[in-house]
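In what follows, a structure is listed as structure tokens, so that the remarks can point back to it.
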Amino acid sequence: MRIFLVKRVFTLILTLLVATLVVFVVLEILPGDPAAVMLGVNAEAETLNALREEMGLNRPVWVRYTHWVASLLTGNLGISYTYDVPVSELILSRITVSFPLAILAMTLSTLIAIPLGIIAASNHNKPMDFLVMSFSQIGIAIPNFWFAMLLTIVFSVTFRLLPAGGFAGWDAGIIPVLKSFLLPTIALALPQAAILSRVTRSALLEVLKEDFIRTARAKGVTNQGTLWKHALRNALIPVVTIMGLQFSFLLAGTIIIENVFYLPGIGRLIFQAISQRDLIVVKNLVILLAGAVIMINFVVDLLYAVIDPRLRGGSDA
Amino acid sequence: MTLLKVQDLCVSLKTAYGRQDVISNINFCLNAGEKLGIVGESGCGKSITALALMSLLPPDSKTRGRIILEGRDILNLNSKEICSIRGNRIGMIFQEPMTALNPVKQIGAQISESIDLHLKLNRKQTLERVTELMDKVGLPVDRFGLNLYPHQLSGGQRQRVMIAMAIACNPDILIADEPTTALDVTVQEQILNLIRDLADSSGMALIMISHDLGVIAQTAQNVMVMYTGNIVEMGSTVDVYQNMLHPYTFGLFSAIPHAGSSSHLERKRLTSIPGQVPQLHQRPIGCNFADRCMRASKICKTKEPMATRVSDHHQVWCYHPLKEKI
Chain Y
9 MRIFLVKRVF
19 TLILTLLVAT
29 LVVFVVLEIL
39 PGDPAAVMLG
49 VNAEAETLNA
59 LREEMGLNRP
69 VWVRYTHWVA
79 SLLTGNLGIS
89 YTYDVPVSEL
99 ILSRITVSFP
109 LAILAMTLST
119 LIAIPLGIIA
129 ASNHNKPMDF
139 LVMSFSQIGI
149 AIPNFWFAML
159 LTIVFSVTFR
169 LLPAGGFAGW
179 DAGIIPVLKS
189 FLLPTIALAL
199 PQAAILSRVT
209 RSALLEVLKE
219 DFIRTARAKG
229 VTNQGTLWKH
239 ALRNALIPVV
249 TIMGLQFSFL
259 LAGTIIIENV
269 FYLPGIGRLI
279 FQAISQRDLI
289 VVKNLVILLA
299 GAVIMINFVV
309 DLLYAVIDPR
319 LRGGSDA
Chain D
719 MTLLKVQDLC
729 VSLKTAYGRQ
739 DVISNINFCL
749 NAGEKLGIVG
759 ESGCGKSITA
769 LALMSLLPPD
779 SKTRGRIILE
789 GRDILNLNSK
799 EICSIRGNRI
809 GMIFQEPMTA
819 LNPVKQIGAQ
829 ISESIDLHLK
839 LNRKQTLERV
849 TELMDKVGLP
859 VDRFGLNLYP
869 HQLSGGQRQR
879 VMIAMAIACN
889 PDILIADEPT
899 TALDVTVQEQ
909 ILNLIRDLAD
919 SSGMALIMIS
929 HDLGVIAQTA
939 QNVMVMYTGN
949 IVEMGSTVDV
959 YQNMLHPYTF
969 GLFSAIPHAG
979 SSSHLERKRL
989 TSIPGQVPQL
999 HQRPIGCNFA
1009 DRCMRASKIC
1019 KTKEPMATRV
1029 SDHHQVWCYH
1039 PLKEKI
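Going line by line, the protein sequences match chains Y and D.
Counting from 1 along the first sequence, just add 8 to a position and that's the residue number in the working numbering.
Counting from 1 along the second sequence, just add 718 to a position and that's the residue number in the working numbering.
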């Protein structure tokens, strides 16, 4: 187990380094000079050059790269070209919206999906299974922006129970924050839960066909007992895999939902930064998201090893 | 004393050609401490018979007849009652030790599971029982910890764990379904001896299922030869092996390759039974073996043969048993 951990941490660091390299190179190749964008088309060549010097754009590529990697480690990421505030401050204010939202959505999705998947699998080919699968089919088919608008119309416009959008800010206290998070969380969680419940069900059904399930029943374990004590843990590998992918998506890919609910999250920031060529923000946001995805995969790998002793490697498992 | 009585057992399964009987008219008794062998080719219904005794058949199967264990018909029990028999009164060992153990559970926990279910023991007693079982099956706990996982054991060791699980609650009957088929030849002998010794010392009845006549000869007092879902010959192992009556039994024996029986110069072809085992939906009317049988006559293809009792311990389902002149 220890060897496995050391190996895995080493790969993690290496992957993060490669990610910084890729992000840097891609943004280097992209056309467009941030200094020219800031000054507009009529800028004098001298002014432009002065600004380039000030922004460090005239220095050699490798110096800028190492400087950037060092800045990632210290957290001193520089000043945003367009917002004129420190990038770290900007990103932090957005993460404190996106990250809790992703956690809430993932939690809700898991709490719905795994019990539903278990219910469906233990009632395989019975009405309950059919019912659960129909709901999840609908959940997958509905686009989440439309579902989000539907939620707004029902809960905000008709019943006036919850805000239609916007973020109260953490200073306003926990209740207003939760209120502004509630509808986005539901809108994000339900489609994810629909997929996750199907994955849970099919993974369980697959495991229930295994020989060791028959062995357990031959020992006198009841059907429910075999499901909980023998099948569930074996079925968790595909479930955890999908959960990892979904969590990555929820962190980075919530731009549509953030727009529907006017939430100041990472998705909207990255969209604005790209359209305004605020490259320093784009660069740091992209590496942050890439880093988050790599970290999630790392955690998923550790979970694999916790779930299945065969994946721990080494003889001391 | 009769422990288990199987009467007119038929099992049908749903197939692409509709519902088909996989086994039919299975009748036999098992006495306490008896060792019964069931032998036949793959697909003859040996395993289905065993699974029927445990009520472990697939959910879309239908079972008719009676399986009486101590006056109670297993087929009429509810699921709670059947769970109290499985692993407790009847233990079962499966063919494939590689897949028959739960890969994410430690072997100690897998062995203690049936003890926890059926015997009212406290933690310490359970641990003692597991240690005792591990010793019995040749996996002493000081060398093979209880917290090992199945993938850390060899095939033979896993089969020993299976055996420990099956005998954990001192069952009256142990069913071993091809327990050595998936193992190396060198290990097969050890596992067979272990099973036989355990049955001898505890007095439990043994049902040994195998396609291997040698395995049956080593372990069983009585033998039941099955072909396409029917019993074709049944009797004491000595009777059946020395005075086989059914042409199919004869065919099975002739098909055993004999090492050294033919010299390097005159290498004989291995003997085989002509024709093929009929598919489930193509089983003929009359005797199922008739199409492949040298001795078959008209009646064999029109009417199913009834049991002919040759001696107290020997029955055959054939119109033209071998000792009779054609």
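Every residue gets a Cβ at the ideal spot worked out from N, C-alpha and C, and that includes glycine.
Serine 779 (chain D) touches chain Y at which residues, Cβ-Cβ below 8 Å?
-> Within the second sequence, the letter at position 61 stands for residue 779 (chain D). Those do not exist, as serine 779 (chain D) stays about 14 Å from chain Y at its closest Cβ, beyond 8 Å.
Answer with yes or no whether the minimum CB distance from asparagine 131 (chain Y) to chain D is below 9 Å.
-> By 1-based counting over the first sequence, the position of residue 131 (chain Y) is 123. So, not an interface residue.
Please classify glycine 217 (chain Y): does DSSP put it in a helix, a strand, or coil?
-> The residue you call residue 217 (chain Y) lines up with position 209 of the first sequence. Reading the sequence as shown, one finds lysine at residue 217 (chain Y) and not glycine. Reduced to three states, the DSSP call for lysine 217 (chain Y) is coil.
May I ask whether a heavy atom of the ligand SAH can be found less than 8 Å away from the beta carbon of valine 301 (chain Y)?
-> Here there are no bound small molecules, and the ligand SAH is not part of this structure.
Whether leucine 124 (chain Y) touches arginine 209 (chain Y) by CB criterion (9 Å) | Within the first sequence, numbered from 1, the residue matching residue 124 (chain Y) stands at position 116. Within the first sequence, numbered from 1, the residue matching residue 209 (chain Y) stands at position 201. Yes.
Is there a Cβ from chain D that is less than 9 Å from the Cβ of isoleucine 11 (chain Y)?
-> Along the first sequence, one-based indexing puts residue 11 (chain Y) at 3. By this cut-off, isoleucine 11 (chain Y) is not an interface position.
Under 8 Å by beta carbon: chain D residues contacting aspartate 316 (chain Y) | Residue mapping note: residue 316 (chain Y) aligns to position 308 of the first sequence, counting from 1. Going along chain D in sequence order, the residues near aspartate 316 (chain Y) (Cβ under 8 Å) are Pro821 and Val822.
With C-beta atoms as the reference, is leucine 727 (chain D) less than 9 Å away from asparagine 749 (chain D)?
-> Translated into positions along the second sequence, residue 727 (chain D) becomes position 9. Translated into positions along the second sequence, residue 749 (chain D) becomes position 31. For leucine 727 (chain D) and asparagine 749 (chain D), no; Cβs fall outside 9 Å.
Reference cysteine 801 (chain D), options Y:Lys227, Y:Leu244 and Y:Gly275, closest by Cα | Position 83 of the second sequence holds residue 801 (chain D). Among Y:Lys227, Y:Leu244 and Y:Gly275, the Cα nearest to that of cysteine 801 (chain D) belongs to Y:Lys227.
Might you give, ordered along the chain, the residues of its own chain that have their beta carbon closer than 6 Å to the beta carbon of isoleucine 274 (chain Y), omitting 5 neighbours on each side?
-> Working through the first sequence from its first residue, we reach residue 274 (chain Y) at position 266. Hits under 6 Å: Arg102 and Ser106.
From the DSSP output, which residues share a beta bridge with glutamine 738 (chain D)?
-> Taking the second sequence and counting its residues from 1, the one referred to as residue 738 (chain D) is at position 20. Its beta-bridge partners are D:Leu731.
Indicate whether tyrosine 966 (chain D) and alanine 935 (chain D) have their beta-carbon atoms separated by less than 9 Å.
-> Along the second sequence, read from residue 1 onward, the residue named residue 966 (chain D) stands at position 248. Along the second sequence, read from residue 1 onward, the residue named residue 935 (chain D) stands at position 217. No. Outside cutoff.
For cysteine 747 (chain D), the residue or residues it bridges with in DSSP = The count along the second sequence starts at 1 and reaches residue 747 (chain D) at position 29. Answer is D:Lys723, bridged to cysteine 747 (chain D).
Can a CB atom of chain D be found closer than 9 Å to the CB of alanine 226 (chain Y)?
-> Locating residue 226 (chain Y) in the first sequence gives position 218, counting from the first residue. With a threshold of 9 Å between beta carbons, alanine 226 (chain Y) makes contact with chain D.
Would you say serine 832 (chain D) and methionine 883 (chain D) are within 9 Å of each other, going by their C-beta atoms?
-> Along the second sequence, read from residue 1 onward, the residue named residue 832 (chain D) stands at position 114. Along the second sequence, read from residue 1 onward, the residue named residue 883 (chain D) stands at position 165. Yes, they are a contact pair.
Per the contact definition of three or more C-beta pairs closer than 8 Å, is the segment 986 to 1000 of chain D in contact with the segment 921 to 937 of chain D?
-> no
Using a Cβ cut-off of 9 Å (strictly closer), state whether glutamate 218 (chain Y) contacts chain D.
-> Position 210 of the first sequence, counting from 1, holds the residue named residue 218 (chain Y). Chain D contact via Cβ: present.
The beta strand (DSSP E) enclosing threonine 781 (chain D), as first and last residue numbers = Here the question's residue 781 (chain D) lines up with position 63 in the second sequence. Segment 780 to 787, the beta strand (DSSP E) holding threonine 781 (chain D).
Opposing strand residues paired with aspartate 895 (chain D) [DSSP bridges] | For the purposes of this step, residue 895 (chain D) is taken as residue 177 along the second sequence, with counting starting at 1. DSSP lists D:Ile927 as partners of aspartate 895 (chain D).
Under the rule that 16 or more other beta-carbon atoms within 10 Å means buried, what is aspartate 324 (chain Y), buried or exposed?
-> Position 316 of the first sequence holds residue 324 (chain Y). Note that aspartate 324 (chain Y) has pLDDT 44, beneath the 50 cutoff, so the model's placement of it is unreliable and the number below is only indicative. By the neighbour-count rule (16 or more Cβ atoms within 10 Å), aspartate 324 (chain Y) is not buried but exposed.
Label serine 990 (chain D) either buried or exposed according to how many other C-beta atoms from any shown protein chain fall within 10 Å of its C-beta, with 16 as the threshold for buried.
-> As a position in the second sequence, residue 990 (chain D) is number 272, starting the count at 1. By the neighbour-count rule (16 or more Cβ atoms within 10 Å), serine 990 (chain D) is not buried but exposed.
Exposed unless 16 or more other CB atoms sit within 10 angstroms - verdict on histidine 976 (chain D) = Mapped onto the second sequence, residue 976 (chain D) falls at position 258. Under this definition histidine 976 (chain D) is an exposed residue.
Which residues, taken in chain order from the segment 794 to 812 of chain D, show a beta carbon closer than 8 Å to some beta carbon of chain Y?
-> Ser797, Lys798, Cys801, Ser802, Ile803, Arg804, Gly805, Asn806, Gly809, Met810 and Phe812
Along the chain, where does the alpha helix (DSSP H) that runs through threonine 19 (chain Y) open and close?
-> On the first sequence, residue 19 (chain Y) is found 11 positions in, with the first residue counted as 1. Looking at the DSSP string, the run of the alpha helix (DSSP H) that includes threonine 19 (chain Y) is 10 to 37.
Cβ atoms of leucine 731 (chain D) and aspartate 778 (chain D): under 9 Å apart, would you say?
-> The residue labelled residue 778 (chain D) in the question sits at position 60 within the second sequence. The residue labelled residue 731 (chain D) in the question sits at position 13 within the second sequence. Yes, Cβ-Cβ distance for aspartate 778 (chain D) and leucine 731 (chain D) is below 9 Å.
Indicate the three-state DSSP secondary structure (helix, strand or coil) for tyrosine 966 (chain D) in the structure shown.
-> Taking the first residue of the second sequence as position 1, residue 966 (chain D) is located at position 248. It is helical.
Using 10 angstroms around the beta-carbon of tryptophan 1035 (chain D), count the other beta-carbons present and answer buried if the total reaches 16, otherwise exposed.
-> What you label residue 1035 (chain D) is simply residue 317 of the second sequence in a count that begins at 1. With at least 16 other beta carbons inside 10 angstroms of its own, tryptophan 1035 (chain D) counts as buried.
Could you pull the start and end residues of the alpha helix (DSSP H) that methionine 303 (chain Y) belongs to?
-> Sequence index remark: in the first sequence, residue 303 (chain Y) carries index 295 (1-based). Its alpha helix (DSSP H) spans residues 287 to 315.
Output yes or no for whether 9 Å exceeds the beta carbon distance between alanine 328 (chain Y) and isoleucine 265 (chain Y).
-> Summary: the structure shown does not reach residue 328 (chain Y), with chain Y confined to residues 9 through 325, and so no result is reported for it.
Candidates Y:Phe189, Y:Pro42 and Y:Val207: closest to valine 268 (chain Y) by CA position = Stepping through the first sequence from its first residue, residue 268 (chain Y) is reached at position 260. The option with the nearest alpha carbon to valine 268 (chain Y) is Y:Phe189.
Please state whether DSSP places isoleucine 792 (chain D) in a helix, a strand or coil.
-> Within the second sequence, numbered from 1, the residue matching residue 792 (chain D) stands at position 74. Isoleucine 792 (chain D) falls in the helix class under three-state DSSP.
Please report the residue range of the beta strand (DSSP E) in which methionine 944 (chain D) lies.
-> The residue you call residue 944 (chain D) lines up with position 226 of the second sequence. According to the DSSP assignment, methionine 944 (chain D) belongs to the beta strand (DSSP E) that extends over 940 to 945.
In chain order, what residues of the segment 191 to 221 of chain Y put their CB closer than 7 Å to some CB of chain D?
-> The segment 191 to 221 of chain Y vs chain D, Cβ under 7 Å: Glu218, Asp219 and Phe220.
Evaluate valine 71 (chain Y) with the Cβ neighbour count: other Cβ atoms within 10 Å of its Cβ, from every protein chain shown; 16 or more gives buried, anything less gives exposed.
-> Start at 1 with the first residue of the first sequence, and residue 71 (chain Y) comes out as number 63. Exposed, by the Cβ-count rule.
Cross-chain neighbours of valine 229 (chain Y) in chain D, by beta carbon under 9 Å = The residue labelled residue 229 (chain Y) in the question sits at position 221 within the first sequence. Ordered by position in chain D, the residues that pass the 9 Å Cβ test against valine 229 (chain Y) are Cys801, Arg804, Gly805, Glu831, Ser832 and Leu835.
Can you check whether the CB of proline 992 (chain D) is closer than 9 Å to the CB of arginine 1010 (chain D)?
-> Residue mapping note: residue 1010 (chain D) aligns to position 292 of the second sequence, counting from 1. Residue mapping note: residue 992 (chain D) aligns to position 274 of the second sequence, counting from 1. Taking the C-beta atoms as reference points, proline 992 (chain D) is found nearer than 9 Å to arginine 1010 (chain D).
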